[in-house]
Amino acid sequence: MTARFPAAAAELEQWRDQGRTLPVWWRDDDAIEPTPALERLLQAAAGFGAPLHLAVIPKPATSGLADRLRTENAVCVLTHGWRHANHAPTDRKKAEFGADRPVASMLEDIEAGRRRLAGLFGSRALPVFTPPWNRIAPELVEKLAGAGFKVISTFMPRVSRFAATGLLRVNTHLDPIAWKSARGLLDPAQLDAQVAHELTARRLGQADNAEPYGLLTHHLVHTEPVWAFTQAFLALLAQSGVATWTSPLHEVG
Ligand SMILES: [Zn+2]
Numbered sequence: 005m006t007a008r009f010p011a012a013a014a015e016l017e018q019w020r021d022q023g024r025t026l027p028v029w030w031r032d033d034d035a036i037e038p039t040p041a042l043e044r045l046l047q048a049a050a051g052f053g054a055p056l057h058l059a060v061i062p063k064p065a066t067s068g069l070a071d072r073l074r075t076e077n078a079v080c081v082l083t084h085g086w087r088h089a090n091h092a093p094t095d096r097k098k099a100e101f102g103a104d105r106p107v108a109s110m111l112e113d114i115e116a117g118r119r120r121l122a123g124l125f126g127s128r129a130l131p132v133f134t135p136p137w138n139r140i141a142p143e144l145v146e147k148l149a150g151a152g153f154k155v156i157s158t159f160m161p162r163v164s165r166f167a168a169t170g171l172l173r174v175n176t177h178l179d180p181i182a183w184k185s186a187r188g189l190l191d192p193a194q195l196d197a198q199v200a201h202e203l204t205a206r207r208l209g210q211a212d213n214a215e216p217y218g219l220l221t222h223h224l225v226h227t228e229p230v231w232a233f234t235q236a237f238l239a240l241l242a243q244s245g246v247a248t249w250t251s252p253l254h255e256v257g
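Residue numbers (our numbering): 5 to 257.
Below, the structure is given as structure tokens:
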């Protein structure tokens, strides 16, 4: 599997030589119900002993999903917005929780989402908020801790450990899907270079290695090449000898 990731594999070899540890986590977005694609995702995670963090859309989430996950000991649920509805004007990037609505009504949606997931999934629902399209108004971020969340998760290496008082940031980093074209797999060489670059930055102390390195997937839209890439990346981590699966809550005191 290292053949797919020549640069990342070489970088990980340096980590191994230096006795370093890479904390990793896996977030998969947009689940609402059991599907064949979800089964495939669960199988992939189980095959690598990887804890899976499903970012579930609260409003349409079904009790069928809760029933399906009941026997899955390594699967947690994160709050993925409320309805995954776009409220941004057509000339702006999509957002459910952007700057286009009053903070109070957005907060009501977020609290309703948290309550609904707690009701459906119990303790499997973690206090982690993942805004749809990874976008959220800064004024709203300030309110999340008060709404019961301990972590916010978007995309890109974090620049600071806390997003707001009492709210840690644990982002995702590697998203293999080409959203701007046909939603297939991005150029594998580019993905390999990205992983290598981000891990080098961590090794050199230019990026925060306390933030678990996050794989971000969207099982409902995976093409075969995206599934194959996901498997290969999981194998790369498994073979590296330096990656340790962790929880986005691991820094919460
Ligand atoms: Zn989403």
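Where a beta carbon is used, it is the ideal one built from N, C-alpha and C, also for glycine.
Contacting residues, own chain, Cβ-Cβ under 7 Å from residue i (five flanking each side not counted)
i: Val199; result: Phe9, Ala12 and Leu178
i: Phe159; result: Asn138, Asn175, Thr176, Asp179 and Leu220
i: Ser67; result: Leu124
Inter-residue Cα distance where the pair is residue i and residue j
i: Ala260; j: Lys184; result: No information on residue 260 is available, as it lies outside the stretch 5 to 257 that the chain covers here.
i: Pro229; j: Asp104; result: 36 Å
i: Gly23; j: Thr94; result: 50 Å
i: Asn90; j: Ser109; result: 14 Å
i: Glu143; j: Ala168; result: 10 Å
i: Pro38; j: Arg87; result: 17 Å
i: Asp196; j: Trp29; result: 18 Å
i: Asp21; j: Tyr217; result: 19 Å
i: Gln210; j: His201; result: 11 Å
i: Gly85; j: Val107; result: 14 Å
i: Ala242; j: Ser251; result: 17 Å
i: Val132; j: Leu171; result: 9 Å
i: Arg207; j: Gln194; result: 20 Å
i: Arg119; j: Thr25; result: 36 Å
Residue i: CB within 6 Å of a non-hydrogen atom of ligand 1
i: Asp4; result: Lying before the first or after the last residue shown, residue 4 is absent from the chain, which here runs from 5 to 257.
i: Pro136; result: yes
i: Asp34; result: yes
CB contact flag (residue i, residue j, <7 Å)
i: Arg187; j: Val155; result: no
i: Cys80; j: Leu130; result: yes
i: His223; j: Leu45; result: yes
i: Leu121; j: Thr83; result: yes
i: Ala149; j: Ile114; result: no
i: Glu100; j: Pro136; result: yes
i: Ala141; j: Gly102; result: yes
i: Ala54; j: Trp249; result: yes
i: Ala78; j: Ile36; result: no
i: Leu203; j: Glu15; result: yes
i: Leu73; j: Asp32; result: no
i: Lys147; j: Leu190; result: no
i: Ser157; j: Thr134; result: yes
i: Val256; j: Trp19; result: no
Helix, strand or coil at residue i according to DSSP, with G and I counted as helix
i: Ala48; result: helix
i: Arg119; result: helix
i: Ala12; result: helix
i: Pro106; result: coil
i: Ala59; result: strand
i: Leu190; result: coil
i: Val174; result: coil
i: Ala168; result: strand
i: Trp231; result: helix
i: Phe237; result: helix
Own chain residues within Cβ distance below 8 Å of residue i, not counting five before or after
i: Arg162; result: Arg173, Val174, Asn175, Asp212 and Glu215
i: Lys97; result: Trp137 and Arg139
i: His254; result: Pro27 and Pro216
Residues near residue i in its chain [Cβ-Cβ closer than 6 Å; skip 5 each side]
i: Ala70; result: Leu124 and Phe125
i: Leu238; result: Phe52
i: Ser244; result: Leu16
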